[in-house]
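Notes follow once the structure below has been shown.
In my numbering, the protein residues as written are 2 to 296.
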């Protein structure tokens, strides 16, 4: 699928299920692609939803911004445009950057050139190991990993070793087919073929600038304002061993947003869907089914 979110600017997505069923948008994290959700899309479809996983701008097969427009406002604008092209309001399931995008797109909908009180763009919000405040050490570890190996990898095995070093708690896959979907093979400066992560390096620079420690108080306040403005059912899914959303951070979020629910996925880190795909998807489906039954 493709969605035109600006004139001549396209977002690429995969979809599973019947388009007549209630939609669920799966919004990946920074540096990931639509392939990061494992079997979640298929399982959602089997349970009666229409699952759509887009590549965010600057990631995967979606367009890259020549102007470097990768700030949260641009991501939120893309999301609102996608929601407007669906025939029903979707549930938003956002991991890390995708969760922040969902928070801003829904929580600031009345501040995006729309009248105050504008209807919700979604039916529910699921934040996957992200909250308005995050542990700075965890964020820095993500940026450190993304900053390494920007000169590419000589082989898939070399790329797999880098991922294994970053995610030592995760069992290594028997093959690299899923990893290969997040890489692109092209010539390096010396003419040799190398594998590169399939995201725009400019995006990383923009997000590192946005997340400088000095800017964190402002970012946290903004995200909390957006979270408090949520009126749709909200769930936060925390990885049980996450270094980004600690138990303290999740408790702070639940205190500030009392209508939100929470669940932890044991033995999962920040990449919850990749670390424990079945348990993560089960938690999301149970939440969506309960909320749909209330309608």
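Think of the CB as a built atom: it goes at the ideal place given N, C-alpha and C, for glycine as much as any other residue.
- Item | Sufficient close CB pairs (3 or more, under 8 Å) joining the region 214-223 to the region 244-264 | no
- residue 34 to residue 15 span [Cα, whole Å]: Counted from its first residue, the chain shown places residue 34 at position 33. Counted from its first residue, the chain shown places residue 15 at position 14. C-alpha separation (whole angstroms): 11 Å.
- Task: For residue 172, count neighbouring Cβ atoms within 10 angstroms of its own Cβ and tell me buried if that reaches 16, exposed if not.
- Result: Along the chain shown, one-based indexing puts residue 172 at 171. The residue in question, residue 172, is exposed, as its Cβ has fewer than 16 Cβ neighbours within 10 Å.
- Could you check where the alpha helix (DSSP H) with residue 292 kicks off and where it finishes? Taking the chain shown and counting its residues from 1, one reaches residue 292 at position 291. Where residue 292 is concerned, the enclosing alpha helix (DSSP H) stretches over 278-295.
- Give the C-beta separation of residue 236 and residue 264 to the nearest angstrom, bearing in mind that I take them to be a contact with Cβ-Cβ under 8 Å. On the chain shown, position 235 is the one that residue 236 refers to. On the chain shown, position 263 is the one that residue 264 refers to. About 7 Å; that satisfies the 8 Å criterion.
- Message: Rounded to the nearest angstrom, what separates residue 6 and residue 174 at their Cα positions?
- Response: Here the question's residue 6 lines up with position 5 in the chain shown. Here the question's residue 174 lines up with position 173 in the chain shown. Those two C-alpha atoms are separated by around 35 Å.
- Query: What runs of the alpha helix (DSSP H), each 4 residues or longer, lie entirely inside the region 103-184?
  - Reply: 137-148, 157-167 and 178-181
- Item | Distance between residue 192 and residue 30 (C-alpha atoms, nearest Å) | The residue you call residue 30 lines up with position 29 of the chain shown. The residue you call residue 192 lines up with position 191 of the chain shown. Looking at the two C-alpha atoms, the distance is approximately 31 Å.
- Item | When 96, 10, 158 and 91 are compared against residue 36, the one with the closest alpha-carbon | Taking the first residue of the chain shown as 1, we reach residue 36 at position 35. Cα-wise, what sits closest to residue 36 is 96.
- Query: In angstroms, rounded to a whole number, what distance separates the CA positions of residue 238 and residue 285?
  - Reply: Counting from one through the chain shown, the residue named residue 238 turns up at place 237. Counting from one through the chain shown, the residue named residue 285 turns up at place 284. Distance between the alpha carbons of residue 238 and residue 285: 8 Å.
- Message: Please classify residue 190 as buried or exposed, where buried requires at least 16 other C-beta atoms within 10 Å of its C-beta.
- Response: Residue mapping note: residue 190 aligns to position 189 of the chain shown, counting from 1. Classification for residue 190: exposed.
- Look up residue 33 in the DSSP assignment and say whether it is helix, strand or coil. Locating residue 33 in the chain shown gives position 32, counting from the first residue. Residue 33: coil per DSSP, three-state reduction.
- Task: Helix, strand or coil for residue 15, going by three-state DSSP, please let me know.
- Result: Residue 15 sits at position 14 when you count from the first residue of the chain shown. Residue 15 falls in the strand class under three-state DSSP.
- Item | residue 44, enclosing alpha helix (DSSP H) - first and last residue | As a first step, residue 44 is located in the chain shown; it is residue number 43 there, counting from the start. Run containing residue 44: 41-47, per the alpha helix (DSSP H) assignment.
- Query: Smallest Cα separation from residue 21: which of 66, 67 and 90?
  - Reply: On the chain shown, position 20 is the one that residue 21 refers to. For the residues 66, 67 and 90, the minimum Cα distance to residue 21 belongs to 90.
- Could you give the DSSP three-state label for residue 95: helix, strand or coil? On the chain shown, position 94 is the one that residue 95 refers to. Reduced to three states, the DSSP call for residue 95 is strand.
- Straight-line gap, residue 148 to residue 296 (C-alpha atoms, nearest Å): Translated into the one-based positions of the chain shown, residue 148 becomes position 147. Translated into the one-based positions of the chain shown, residue 296 becomes position 295. So the alpha carbons of these two residues sit roughly 45 Å apart.
- Message: Below 8 Å on the Cβ atoms is my contact criterion, and I expect residue 80 with residue 103 to pass it. Report the Cβ-Cβ distance as a whole number of Å.
- Response: Here residue 80 refers to the residue found at position 79 of the chain shown. Here residue 103 refers to the residue found at position 102 of the chain shown. Right, the Cβ-Cβ distance comes to about 7 Å (below 8 Å), so this counts as a contact.
- Query: Hey, residue 50 and residue 8 are a contact pair by Cβ (cut 8 Å); roughly how many whole angstroms apart?
  - Reply: Looking up residue 50 in the chain shown gives position 49. Looking up residue 8 in the chain shown gives position 7. Not confirmed; about 31 Å, so no contact.
- Query: So, helix, strand or coil for residue 55, using DSSP?
  - Reply: The count along the chain shown starts at 1 and reaches residue 55 at position 54. Correct three-state label for residue 55: strand.
- Message: According to DSSP, is residue 5 part of a helix, a strand, or is it coil?
- Response: Residue mapping note: residue 5 aligns to position 4 of the chain shown, counting from 1. If DSSP states are grouped into helix, strand and coil, residue 5 belongs with the strands.
- Reducing DSSP to helix, strand and coil, say where residue 1 ends up. With the chain represented from 2 up to 296, any question about residue 1 goes unanswered, as that position is not in the structure.
- Query: Buried or exposed: where does residue 117 fall if 16 or more other Cβ atoms within 10 Å of its Cβ makes it buried?
  - Reply: Residue 117 sits at position 116 when you count from the first residue of the chain shown. Only weak support is given to the placement of residue 117: the predicted model assigns it a pLDDT of 45, under 50, and the question is left unresolved by the model.
- Neighbourhood of residue 113 by C-beta, 6 Å cutoff - its chain only, sequence neighbours within 5 removed: In the chain shown, the residue the question calls residue 113 occupies position 112. Confidence is the limiting factor: at residue 113 the pLDDT is only 49, short of 50, which leaves the residue's position unreliable, though a coordinate-based value still follows. Once the five neighbours on either side are set aside, residue 113 has no close Cβ partner at all.
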